[in-house]
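Only one structure is covered here, and it is reproduced in the block below.
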Amino acid sequence: MTTPLAERLKRQIAFSGPISVTEYMATCLFDPDLGYYTTRQPFGRGGDFVTAPEVSQMFGELVAIWAVLAWRDMGRPTPFVLAEIGPGRGTMMVDILRTIRQVDENCASASQICMIEASTRLAAIQRETLNDDAERIEWLAEVDALPELPVVLVGNELFDALPIRQFFKVGDQWLQRMVSLDGEGELTFATGVSSLAGPDLPDGEKTEPEGAIFEMAPAREALTETIAARIVRDGGAALFFDYGHLQPGFGDTLQAVSQHRFVDVLENPGEADLTSHVDFAALAAVARHAGAETACLTQGEFLTRMGIVERARRLGTAADAASRERIERDLDRLVGDENMGELFKVMTIYPGQARPQPF
Ligand code: SAH
């Protein structure tokens, strides 16, 4: 299958040479005319993938409880900013705002709501989803535009969408992985010239086999640094869910998903979601370097400690048998080891006094 973006990339590569995996990923996801997030409606059952807030309202409800507890532990600063970065359709913020109003009126009225979204098209969809609340929400394009106040910042599946760099092991060198053209003029992976040195690689680099892959994500690290520095300066706490690993390592985790199925990464640029696993250890190191503290749990542990089992039971009591079954299924999708519970991790970044509950 070919796509308009594939044709454009092939022309570009034929004309000016191979591009890095980073450029390929950034173009596929965010090209202003043909990028995935700029042109498509990826989320939900009719889209390409279902994220945790789209699985069940329980997810956003427990994130809201986390935010209220974090705000109280911070000494109830008034006003404060409650922000979400990368809100997709805006579903989680709907659940968060409803819940905060129910559990803590003071927290609700102290909050200034901000949505940080890179795609203007998705920002417009979020405005629709948020409906009446949209009037009191400010949409921003980047973290630096947040008001200078203590901030409680949350994000789900944001980092996996930020581009990565990949390196191939060739002999005893690690060379950058590129996207080039094969003999038929189709997109293919190739080896570039820039290389990585030992200190930039995790332990065990020497025993990795020929062709092994190492990933690093300067865009994720830069964003983490900005957020950590902001939290150290103005106070607050952040909470990020993503699929990934807590220990650094080797391996190719770049993947493309279209209509709920894995597809070839190079096959339909601009029309499939491209992501890679998040290296939480690398992001935690960056946050600590900026003066913040971090802690991590699996999504399953976090949601269980926040009381999702009790919440599911409560929702089930008032529901009919079919809905009860659905709630059970959703619960298992969010916390089950075979589902999102184990693969997804959650990291908090905080200024270093009290560690946010339930970490
Ligand atoms: N949180 C949502 C959507 C996840 S997809 C959910 O769980 O359903 C990733 C989202 O992050 C999209 O809304 C995308 O447009 C946005 N995004 C990607 N890079 C961003 C950046 N640098 N700043 C803000 N938003 C970004």
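My numbering numbers the first residue of the sequence shown as 41 and each following residue consecutively.
Using N, Cα and C, we set each Cβ at its ideal position, and we do this for glycine too.
Model, not experiment: these values are computed from the prediction.
For residue i, the three-state DSSP class (helix, strand or coil)
i: His285; result: strand
i: Asp313; result: strand
i: Ser96; result: coil
i: Ile204; result: coil
i: Leu306; result: coil
i: Thr43; result: coil
i: Asp243; result: coil
i: Gly195; result: strand
i: Phe290; result: coil
i: Val90; result: coil
i: Gly276; result: strand
i: Gly115; result: coil
i: Glu226; result: coil
i: Gly232; result: strand
i: Glu178; result: strand
i: Arg270; result: helix
i: Glu255; result: strand
i: Arg301; result: strand
i: Gln52; result: helix
i: Ala262; result: helix
i: Ala332; result: coil
Classification of residue i by the beta-carbon crowding that lies within 10 angstroms, buried from 16 upward
i: Thr459; result: This structure leaves residue 459 out entirely; the chain is present only between 41 and 399.
i: Ala46; result: buried
i: Glu157; result: buried
i: Asp222; result: exposed
i: Lys246; result: exposed
i: Thr357; result: exposed
i: Asp144; result: buried
i: Phe399; result: buried
i: Phe99; result: buried
i: Val103; result: buried
i: Ser151; result: buried
i: Glu250; result: exposed
i: Ser96; result: buried
i: Ala181; result: exposed
i: Pro239; result: exposed
i: Asn196; result: buried
i: Glu94; result: buried
Range covered by the alpha helix (DSSP H) that runs through residue i
i: Thr160; result: Thr160 to Leu170
i: Met133; result: Thr131 to Val143
i: Gln152; result: Where Gln152 is concerned, there is no enclosing alpha helix (DSSP H), although the beta strand (DSSP E) it sits in stretches over Ser151 to Ile156.
i: Leu70; result: Reading the sequence as shown, one finds Phe at residue 70 and not Leu. Here the alpha helix (DSSP H) through Phe70 covers Val61 to Phe70.
i: Glu365; result: Ala361 to Val375
i: Phe320; result: Phe320 to His329
i: Ala352; result: Ile348 to Thr357
i: Leu343; result: Gln339 to Arg345
Cβ separation of residue i and residue j, assumed to be a contact under 8 angstroms, to the nearest whole Å
i: Met155; j: Met133; result: 7 angstroms
i: Ser60; j: Gln216; result: 6 angstroms
i: Cys336; j: Val386; result: 7 angstroms
i: Leu193; j: Ala278; result: 4 angstroms
i: Asp274; j: Leu189; result: 6 angstroms
i: Arg129; j: Thr160; result: No, Arg129 and Thr160 are not in contact; Cβ-Cβ is about 15 angstroms, not under 8 angstroms.
i: His300; j: Phe89; result: 6 angstroms
i: Tyr390; j: Glu341; result: With a Cβ gap of about 18 angstroms, Tyr390 and Glu341 do not count as contacting.
i: Pro396; j: Ala110; result: 5 angstroms
i: Thr43; j: Pro309; result: 6 angstroms
i: Ala312; j: Val303; result: 5 angstroms
i: Leu306; j: Val219; result: 7 angstroms
N- and C-terminal bounds of the beta strand (DSSP E) containing residue i
i: Leu215; result: Gln213 to Leu221
i: Phe120; result: Phe120 to Ile125
i: Met387; result: Phe384 to Tyr390
ask   = For the stretch 313 to 324 against the stretch 250 to 260, are there 3 or more C-beta pairs whose distance is under 8 angstroms?
value = yes
- Task: Flag this pair as touching only if the stretch 179 to 187 and the stretch 114 to 129 have three or more C-beta atom pairs under 8 angstroms; answer yes or no.
- Result: yes
Mind the definition here: the stretch 65 to 81 touches the stretch 317 to 332 only if three or more C-beta pairs lie below 8 angstroms; say whether that holds. no
Check your understanding: Pairing CB atoms from the stretch 60 to 75 with CB atoms from the stretch 201 to 220, are three or more of them under 8 angstroms?
Key -> yes
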